[in-house]
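Trainee: So for the sequence shown, full-length UniProt numbering puts the first residue at 1; every next one is plus one.
Think of the CB as a built atom: it goes at the ideal place given N, C-alpha and C, for glycine as much as any other residue.
Structure incoming, see below.
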Amino acid sequence: EEPLSLPAEEGYGYYPSVVVGHLLNRYKIVCKLGWACSSSVWLCVDTATPCKTYVAVKILSAHVTGCIVGGLSAEYDIFRHIDPAGGHLCFAMDVLGPNMMALWSTKPNQIFSVSITKHIIKQILYGVDYLHCECGYIHTDIKADNVLTILPEPIIPKIDKHLEEHQPATYDNIKLSVKSQPLSDFNLDLHQLMVKLIDYSEATPINKHLNEHCQAAIVHVPEVTLGYPWSTPVNIWSVGCLVFKLVTNFHLFSQPGPYSADVDLQNMAEYLEPFPPQLLEACSCRAEYFNENVTDFMPSSLEDILYGLGTMQVDDIPGVAVFIRWCLALDPTLHPSTLELLNDVWLEHL
1 EEPLSLPAEE
11 GYGYYPSVVV
21 GHLLNRYKIV
31 CKLGWACSSS
41 VWLCVDTATP
51 CKTYVAVKIL
61 SAHVTGCIVG
71 GLSAEYDIFR
81 HIDPAGGHLC
91 FAMDVLGPNM
101 MALWSTKPNQ
111 IFSVSITKHI
121 IKQILYGVDY
131 LHCECGYIHT
141 DIKADNVLTI
151 LPEPIIPKID
161 KHLEEHQPAT
171 YDNIKLSVKS
181 QPLSDFNLDL
191 HQLMVKLIDY
201 SEATPINKHL
211 NEHCQAAIVH
221 VPEVTLGYPW
231 STPVNIWSVG
241 CLVFKLVTNF
251 HLFSQPGPYS
261 ADVDLQNMAE
271 YLEPFPPQLL
281 EACSCRAEYF
291 NENVTDFMPS
301 SLEDILYGLG
311 TMQVDDIPGV
321 AVFIRWCLAL
331 DPTLHPSTLE
341 LLNDVWLEHL
């Protein structure tokens, strides 16, 4: 669970005083759903509505709350764009189901079929397009953990039954440590799966970056590493990495040991294409990574990688590889827009 004892000065400061059954303003706390690096999330009943309504209340840590107040995080502004109704800043949101990582664990081979992957990716692209065009923000952290399922109606009786079978629990001999008890997937039909893109704590305005570092290292766009101006194409790159992850349950640019930017860049060149000289000329950090002494360069196409993993039908591999390769163009000026991807032949007939 979250480290309640660590202070905001060290990047934490989780809210420690949540008690099941108590009120948080108008919200009665039912159980703890989970936590992440910036917050804890609680299932609550909204006592101000005439009909029983469950909500997920996200309580930001003191550190992240301070970042928002100080203008270093755009999450509050983004939520005001998405939902105009909009110490520890809190958000009350729709209750959602498991993320893609949790759904994987319920599948025998821990992968999604190509058809289900297309269905998920198309919905994510609609969300990213809205974020880019209507809100003016870059998500910067699109990954399987941040794609959650929308629970099918009627949801109230399903949650009620789930709570009867999973009573709120705490850890023995640990002060104020409530166990995370996420909701189940309620036997979702994956072919009818609806998802939402969540977690805007790392998002940044398109025209004014709040942080020059973005994304987890495993999915870094090359321009961040090489010192080239980055923008919305970082989200497109993340979508390409997510497609590969969904259909294989592997990270395309995974490394056997600790992360190395040199290895990451070499993998990109081996799996995709050599870096365009005109791009490298515009990168402020190119000299740190590129020279003429590479001796173990071993190109391998996306098609060969997908075939070698053996997680999909052979006939599906060319279409998947073409779509991923388009998203992972090494030159960010060649990345497709969200609208171009939505109109791509690979996502037709959904």
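Tell me the rounded alpha-carbon separation between His132 and Tyr27.
Mentor: 32 Å
Trainee: So for Lys58, helix, strand or coil by DSSP?
Mentor: strand
Trainee: In terms of DSSP beta bridges, what is Lys122 paired with?
Mentor: For Lys122, DSSP assigns no beta-bridge partner whatsoever.
Trainee: In or out: Val95 buried (at least 16 other Cβ within 10 Å) or exposed?
Mentor: With a threshold of 16 other beta carbon atoms within 10 Å, Val95 meets it and is buried.
Trainee: Return the CA-CA distance between Asp262 and Val234, expressed in angstroms with no decimal places.
Mentor: 19 Å
Trainee: Going by the C-beta, is Val64 closer than 7 Å to any heavy atom of the ligand GTP?
Mentor: Of the ligands one can find in the structure shown there are none, so the ligand GTP has no counterpart to examine.
Trainee: Per DSSP, what are the beta-bridge partners of Val64 in this structure?
Mentor: In DSSP, Val64 forms no bridge with anything.
Trainee: Below 8 Å on the Cβ atoms is my guess for Lys196 versus Leu151; work out the distance and round it to an integer in Å.
Mentor: Not confirmed; about 11 Å, so no contact.
Trainee: Among Met194, Lys208, Leu242, Pro205, whose alpha-carbon lies nearest the alpha-carbon of Ala216?
Mentor: Leu242
Trainee: Suppose contacts are defined by Cβ-Cβ distances below 8 Å. Is Tyr228 in contact with Leu279 by that definition?
Mentor: For the pair Tyr228 and Leu279, the CB atoms are nearer than the 8 Å cut-off.
Trainee: Grab me the residues of Leu342's own chain with a C-beta within less than 6 Å of its C-beta, minus the 5 sequence neighbours each way, in chain order.
Mentor: Correct list, in chain order: Leu125.
Trainee: What residue range is occupied by the uninterrupted beta strand (DSSP E) comprising Trp42?
Mentor: 39-46
Trainee: Ends of the beta strand (DSSP E) at Thr149?
Mentor: From DSSP, the beta strand (DSSP E) with Thr149 extends over 147-149.
Trainee: Where do the ends of the beta strand (DSSP E) carrying Leu33 lie?
Mentor: 27-35
Trainee: Write down every uninterrupted run of the alpha helix (DSSP H) in the region 207-235 whose length is 4 residues or greater and which is fully enclosed by it, in chain order.
Mentor: Segments of the alpha helix (DSSP H) lying fully in the region 207-235: 222-226.
Trainee: Who pairs with Thr170 in a beta bridge, going by DSSP?
Mentor: In the DSSP assignment, Thr170 is bridged to Val178.
Trainee: Among Lys118, Lys32, Tyr12, Leu210, which one has its Cα closest to the Cα of residue 353?
Mentor: Residue 353 is absent from the model: the chain starts at 1 and stops at 350.
Trainee: Report yes if the CB atom of Glu9 is closer than 8 Å to the CB atom of Trp35, and no otherwise.
Mentor: Not closer than 8 Å, so no.
Trainee: Which first and last residues belong to the alpha helix (DSSP H) in which Ala102 is found?
Mentor: Ala102: member of the alpha helix (DSSP H) spanning 100-104, first to last residue.
Trainee: With distances taken Cα to Cα, identify the nearest neighbour of Thr140 among His119, Asn211, Leu89.
Mentor: Comparing Cα-Cα distances from Thr140 to each of His119, Asn211, Leu89, the minimum goes to Asn211.
Trainee: Count the other C-beta atoms from every protein chain shown that fall within 10 angstroms of the C-beta of Glu281, then say buried if there are 16 or more, exposed otherwise.
Mentor: Result: exposed.
Trainee: Compare the beta carbon distance of Tyr15 and Ser40 with 8 Å and say whether it is the shorter of the two.
Mentor: yes
Trainee: What are the boundary residues of the alpha helix (DSSP H) that includes Cys327?
Mentor: 317-327 is the span of the alpha helix (DSSP H), which, as asked, contains Cys327.
Trainee: Rounded to whole angstroms, what's the CA-CA distance from Ala321 to Phe250? Just pull it up for me.
Mentor: 15 Å
Trainee: Spell out the partners DSSP gives Pro24 in its beta bridges.
Mentor: Note on residue identity: the sequence assigns Leu, not Pro, to residue 24. Looking at the DSSP assignment, Leu24 forms a beta bridge with Tyr27.
Trainee: Within 10 angstroms of its Cβ, does Met100 collect 16 or more other Cβ (buried), or is it exposed?
Mentor: buried
Trainee: Three-state secondary structure (DSSP) at Ile111?
Mentor: coil
Trainee: What's the gap between the Cα of Leu103 and the Cα of Ala287?
Mentor: The straight-line gap separating the alpha-carbon atoms of Leu103 and Ala287 is approximately 42 Å.
Trainee: Given this structure, state the Cα-to-Cα distance separating residue 351 from Gln181, to the nearest angstrom.
Mentor: The requested residue 351 is not part of the displayed model; the chain covers only 1 to 350.
Trainee: Let me make sure I understand the geometry here. Which of Glu153, Ser284, Pro276 has the alpha-carbon closest to that of Ile333?
Mentor: Looking at the sequence provided, one finds Thr at residue 333 rather than Ile. Of the listed residues, the one whose Cα sits closest to Thr333 is Pro276.
Trainee: Check for me: the alpha helix (DSSP H) holding Leu197 runs from which residue to which?
Mentor: Run containing Leu197: none in the alpha helix (DSSP H); it sits in the beta strand (DSSP E), 195-197.
Trainee: By the 10 Å Cβ neighbour count, where 16 or more other Cβ atoms means buried, how is Phe244 classified, buried or exposed?
Mentor: buried
Trainee: Please name the residue or residues paired with Thr204 in a DSSP beta bridge.
Mentor: Ile138
Trainee: Please state whether the Cβ-Cβ distance between Ser177 and Leu4 is less than 8 Å.
Mentor: In this structure, Leu4 lies closer than 8 Å to Ser177 by Cβ.
Trainee: Specify the secondary structure class of residue 353 as computed by DSSP and reduced to three states.
Mentor: Residue 353 cannot be examined here, being either before or after the span of the chain that is shown, 1 to 350.
Trainee: Would you mind working out which of Phe112, Pro98, Ser105, Ile155 sits nearest Asp185, comparing C-alpha positions?
Mentor: When each option's Cα is compared against that of Asp185, the closest is Pro98.
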